[in-house]
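J.: Quick note: the sequence shown, position 103, residue 103 per full-length UniProt numbering, numbers continuous.
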Amino acid sequence: MNVGLLGTGHYVPTNVVTNKDMEKIVDTNDEWIRTRTGIEERRIASDDINTSDMAFFAAQEALKESNVKAEDIDLILVATVTPDTPFPSVSCMIQDRLGARKAAAMDISAACSGFMYGVVTAKQFIETNAYKNILVVGAEKLSKITDWSDRNTCVLFGDGAGAAVVGPVSEGKGILSFELGADGSGGKELYQNDEDHLMMNGREVFKFAVRQMPDSSVNVVEQAGYNKEDVDYLVPHQANIRIMEAAREKLGISEEKMATSIKRYGNNSSASIPIALSEGVKSGKIKDDDLVVLVGFGGGLTWGAIALRW
Ligand code: ACO
Numbered sequence: 001m002n003v004g005l006l007g008t009g010h011y012v013p014t015n016v017v018t019n020k021d022m023e024k025i026v027d028t029n030d031e032w033i034r035t036r037t038g039i040e041e042r043r044i045a046s047d048d049i050n051t052s053d054m055a056f057f058a059a060q061e062a063l064k065e066s067n068v069k070a071e072d073i074d075l076i077l078v079a080t081v082t083p084d085t086p087f088p089s090v091s092c093m094i095q096d097r098l099g100a101r102k103a104a105a106m107d108i109s110a111a112c113s114g115f116m117y118g119v120v121t122a123k124q125f126i127e128t129n130a131y132k133n134i135l136v137v138g139a140e141k142l143s144k145i146t147d148w149s150d151r152n153t154c155v156l157f158g159d160g161a162g163a164a165v166v167g168p169v170s171e172g173k174g175i176l177s178f179e180l181g182a183d184g185s186g187g188k189e190l191y192q193n194d195e196d197h198l199m200m201n202g203r204e205v206f207k208f209a210v211r212q213m214p215d216s217s218v219n220v221v222e223q224a225g226y227n228k229e230d231v232d233y234l235v236p237h238q239a240n241i242r243i244m245e246a247a248r249e250k251l252g253i254s255e256e257k258m259a260t261s262i263k264r265y266g267n268n269s270s271a272s273i274p275i276a277l278s279e280g281v282k283s284g285k286i287k288d289d290d291l292v293v294l295v296g297f298g299g300g301l302t303w304g305a306i307a308l309r310w
């Protein structure tokens, strides 16, 4: 059976925080942020919008785009490191709000790779005929765990959510190959501390990511039986434009074939890939039959990549 993404959706808060705005908060400047990271602005959710709200909005759109009713969802997987509360899970919160009465629900913790882990998990349940339609969401209110006095991290992150309905697709379409991985020995490089702040050894994470994202991208393309140049669109985790460029260059594809929502949204952790994917579909950059590569890395350390025929 072929399993693919039936439709996608996303939500970002309306409040835009530019690099110039960041200059008023910490000792930084627009030039440094743009050249080192590729970020120009980010969206920060207001106090009355939590992770589950953004997850709900993105999920509603994904259901609409998929033509799947909430009551026909069998399982909800929400990837997040910033749930409203440790329990109940964000997935249970949106199960109720969506009216997905028959859906089981659980959250997934794989940091920025969470959406990849979610989609690959969904694929297994569908292939075994246990379930038919699975809602996978990546949602983060990173502003809750950002140390707004630390210029090394606070300029990098933004809030948002992206979602997809995973289900059976026709022959030749859908997920062709995947790779998931973890290296717990790198947990100390990216973690949440006792004060609930996100802590990061930027240089170490950079070194890991700049090797892992290009390698995983090539691995899934080759596993799927294609050549690098066959890739029509690359949706990398939006953490740093220089890391993303490394993946694009290793595939040898042109600039227009890579999603760069990082400019407008910064790093949205588990939400960055589904947001960029949803925007790619909406804008027509991802077309029917395109060979699309999704690739991410994050805390854990974790990583994941998927090659799929749209
Ligand atoms: N504004 C101005 N200067 C700054 C800022 C800032 N916002 N932040 C750091 N600097 C300074 C540093 O203090 C340092 O100064 P020094 O040389 O006087 O000590 C200098 O800039 C260079 O710092 P580096 O850390 O070497 O800068 P680098 O080029 O490595 O870029 C960055 C830092 C952007 C964080 C990079 O290392 C990176 O992107 N790493 C990967 C981060 C990542 O991808 N995280 C992903 C996951 S996050 C998640 O999972 C939720």
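Idealized CB from N, CA, C, for every residue including glycine. Only a predicted model underlies this, so the values are computations on that prediction, with no experimental measurement involved.
For Thr-121 and chain B, any beta-carbon pair shorter than 9 angstroms?
T.: Considering every chain present, this structure includes no chain B. It has just one protein chain.
J.: Among all the DSSP beta bridges, which residues are the ones paired with Ser-177?
T.: The count along the sequence shown starts at 1 and reaches residue 177 at position 177. According to DSSP, which records beta bridges pairwise, Ser-177 is partnered with Ala-307.
J.: Rounding to the nearest angstrom, what Cα-Cα distance links Lys-250 and Gln-238 in this structure?
T.: The residue you call residue 250 lines up with position 250 of the sequence shown. The residue you call residue 238 lines up with position 238 of the sequence shown. Rounded to whole angstroms, Lys-250 to Gln-238 spans 17 angstroms at the Cα level.
J.: Check for me: the beta strand (DSSP E) holding Ala-105 runs from which residue to which?
T.: Translated into positions along the sequence shown, residue 105 becomes position 105. Ala-105 -> beta strand (DSSP E) spans 104–108.
J.: I believe Leu-156 touches Thr-37 by the beta-carbon criterion, under 8 angstroms. Please report the beta-carbon distance rounded to the nearest angstrom.
T.: Within the sequence shown, the letter at position 156 stands for residue 156. Within the sequence shown, the letter at position 37 stands for residue 37. Yes, they are in contact, since the Cβ atoms of Leu-156 and Thr-37 sit about 6 angstroms apart, within 8 angstroms.
J.: The alpha helix (DSSP H) spanning Ile-243 covers which residue range?
T.: Mapped onto the sequence shown, residue 243 falls at position 243. Its alpha helix (DSSP H) spans residues 241–251.
J.: Rounded to a whole number of angstroms, what is the C-alpha to C-alpha distance between Thr-28 and Met-22?
T.: The count along the sequence shown starts at 1 and reaches residue 28 at position 28. The count along the sequence shown starts at 1 and reaches residue 22 at position 22. Spanning the two alpha carbons is a distance of roughly 7 angstroms.
J.: From Gly-187 to Glu-204, what distance separates their C-alpha atoms?
T.: Against the sequence shown, residue 187 aligns to sequence position 187. Against the sequence shown, residue 204 aligns to sequence position 204. Roughly 11 angstroms separates the two Cα atoms.
J.: Return yes when at least one heavy atom of the ligand ACO lies under 8 angstroms from the C-beta of Ile-76, else no.
T.: Position 76 of the sequence shown, counted from the first residue, corresponds to residue 76. No, since every heavy atom of the ligand ACO falls outside the 8 angstroms radius drawn around the Cβ of Ile-76.
J.: Answer yes or no: do Ala-79 and Ser-216 have a C-beta to C-beta separation smaller than 9 angstroms?
T.: As a first step, residue 79 is located in the sequence shown; it is residue number 79 there, counting from the start. As a first step, residue 216 is located in the sequence shown; it is residue number 216 there, counting from the start. No, Cβ-Cβ distance for Ala-79 and Ser-216 is not below 9 angstroms.
J.: Just the Cα atoms here: how many angstroms apart are Gly-7 and Glu-65?
T.: Numbered from its first residue, the sequence shown carries residue 7 at position 7. Numbered from its first residue, the sequence shown carries residue 65 at position 65. In a straight line, the C-alpha of Gly-7 is about 5 angstroms away from that of Glu-65.
J.: Taking 8 angstroms as the line, does the beta carbon of Phe-206 fall inside it for any heavy atom of the ligand ACO?
T.: Numbered from its first residue, the sequence shown carries residue 206 at position 206. Phe-206: yes, Cβ under 8 angstroms from the ligand ACO.
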